[in-house]
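Have a look at the structure below, then the notes.
Residue numbers (the numbering used here), protein chains in the order written: chain A, 2 to 185; chain B, 232 to 510.
Set out below in structure tokens:
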């Protein structure tokens with residue numbers, strides 16, 4: 002098995018262009034969280050020409066709504082949610098500097114085209130492995146939209162957060178390639 | 232006649248909500264292990280191993296397996312000789328409130344489907360009641376995640392479509408779902424009844440343990456065939472390619488109207504949660 006590539010946001014275009022589908026990547030440093038409602042709010046702000054409550058330039062957004070933290074824990078279980086629900090919003094965020102998305106499940110052609118156009122990458126994390134993934138999260142704090150509860154935007158400090166490149170900036174799609182390889 | 236206190240129902244439901252979210256069924260763990268041996272994709276094996284580790288951590292640390300702790304779907308088999316001191320619906324919802332709050336489970340229910348606003352305690356539960364002879368209550372809590380639920384479908388097929396039509400519909404539904412329902416999945420299929428009842432059948436099918444075949448050899452064969460065809464799609468663990476797309480397919484049937492042929496597919500993720508108790 003190929004060795005993992007280590008990355009830390011903010012992510013430059015040089016780093017993006019080195020990532021190919023199937024690559025194992027370990028992310029360390031700070032990433033943002035956001036899912037359905039938070040995406041709609043960010044999208045609406047950009048459309049209205051207003052500034053965002055968080056800087057997304059060069060950043061990675063993890064599609065997650067964590068479980069509440071037990072006492073003594075920094076976060077509850079925190080696996081990825083299904084990404085296609087963020088498809089209507091993702092291209093505009095990439096246009097405004099977003100470089101990476103972490104989630105689970107296939108993306109639309111429009112999102113895949115936007116990754117090529119704006120040089121961005123989509124990472125797959127293991128859905129349903131929320132207890133395991135939480136081990137790679139060292140701290141969590143809400144940075145916007147506290148009223149959204151599990152959907153609030155958090156800044157996570159992660160260490161060797163394991164993901165796989167599912168869509169790269171060259172139009173590659175691991176979901177299509179993978180299924181083709183093992184179909185009978 | 233037996234008297235069952237609402238407090239007992241509250242405590243039982245609360246315990247089942249927590250246990251279903253912390254402890255994966257032994258049948259599922261064994262299925263993961265069996266699939267690791269057969270999985271041809273290295274990424275696929277890696278993901279299945281992660282799922283085993285995830286279950287170990289969740290059990291040891293008593294934390295939810297998945298952050299989506301689900302809609303609390305409750306199946307009641309209510310003995311007709313049971314007397315309860317109060318509302319059983321209130322008691323179940325109180326149990327859900329207690330379990331989800333005290334167990335640090337995520338609350339994912341919006342009070343209004345369009346206007347939103349989280350209810351804050353994961354209530355109300357979805358409750359399916361059947362009446363059975365006797366003086367006991369069997370309570371099954373099956374928390375259902377949104378990602379896999381969204382890949383489910385009801386289709387009013389033509390009687391002429393027959394069993395081949397059913398098979399093609401199931402395969403097509405799984406194919407279109409691709410990676411979204413967190414494969415390896417468990418696939419529940421309802422055939423017959425009415426529009427609303429067939430969806431219930433598909434959901435009820437998900438309460439079976441891996442390997443439990445339909446009692447009717449005809450449907451047992453269809454279950455085996457569908458499982459093979461689904462795994463031949465190559466979708467694989469988390470949709471990244473592989474030979475493990477579903478762990479099992481369960482079919483439940485019901486008599487139908489001569490004009491109708493309802494079929495439902497309800498997909499469960501690999502965190503296939505269901506815990507039961509008899510009180």
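A virtual CB, placed ideally from N, CA and C, is assigned to each residue, including glycine.
Since residue 274 of chain B meets chain A, which of its residues come closer than 8 angstroms, beta carbon to beta carbon? 23, 165, 179
Is the shortest distance between the beta-carbon of residue 79 of chain A and the beta-carbons of chain B less than 7 angstroms? yes
Are residue 169 of chain A and residue 20 of chain A closer than 7 angstroms when you measure CB to CB? yes
Chain B contact residues for residue 185 of chain A, given Cβ-Cβ distances below 8 angstroms: 463, 465
Given this structure, state the Cα-to-Cα distance separating residue 320 of chain B from residue 465 of chain B, to the nearest angstrom. 43 angstroms
In the segment 388-418 of chain B, which residues sit with their C-beta less than 7 angstroms from some C-beta in chain A, listed in chain order? 409, 410, 411, 413
If you pair each beta-carbon of the segment 140-156 of chain A with each one of the segment 114-126 of chain A, do three or more pairs fall below 8 angstroms? no
Does the CB of residue 112 of chain A have a neighbour CB from chain B at under 7 angstroms? no
Who are the near neighbours of residue 402 of chain B in its chain, counting only those whose CB is closer than 6 angstroms to its CB and skipping five residues on each side? 460
Please compile the residues from chain A whose C-beta is within a distance smaller than 8 angstroms of the C-beta of residue 502 of chain B. 129
When you compare each of A/24, A/135, A/95 to residue 69 of chain A by their alpha carbons, which one comes out closest? A/135
Taking CB distances under 7 angstroms as the criterion, tell me whether residue 474 of chain B reaches chain D. No chain D is part of this structure, whose protein chains are labelled A and B.
By Cβ distance, which residues of its chain are closer than 7 angstroms to residue 386 of chain B, with the 5 residues on each side in sequence left out? 400, 494
Could you name each continuous beta strand (DSSP E) segment of 3 residues or more that falls completely within the segment 97-138 of chain A, going from the start of the chain to the end? 101-104, 122-125
Straight-line Cα distance separating residue 58 of chain A from residue 85 of chain A: 22 angstroms
Measure from the C-beta of residue 89 of chain A to each C-beta in chain B and report whether the shortest distance is under 7 angstroms. no
Give every residue of the same chain whose Cβ lies closer than 8 angstroms to the Cβ of residue 269 of chain B, excluding the five residues on either side of it in the sequence, and list them in chain order. 474, 475
Other residues of its chain near residue 471 of chain B: CB distance less than 8 angstroms, five sequence neighbours each side excluded: 272, 274, 275, 278, 410
Could you tell me whether the Cβ atoms of residue 138 of chain A and residue 76 of chain A are closer together than 7 angstroms? yes
Our contact map puts residue 300 of chain B next to residue 252 of chain B with C-beta atoms below 8 angstroms; I'd like the distance itself, whole angstroms only. 5 angstroms
Does the pairing of the segment 283-291 of chain B with the segment 362-378 of chain B give three or more beta-carbon distances under 8 angstroms? no
Coil, strand or helix - residue 381 of chain B by DSSP: coil
Show which residues of chain A have a CB atom less than 8 angstroms away from the CB atom of residue 469 of chain B. 105, 125, 127, 128
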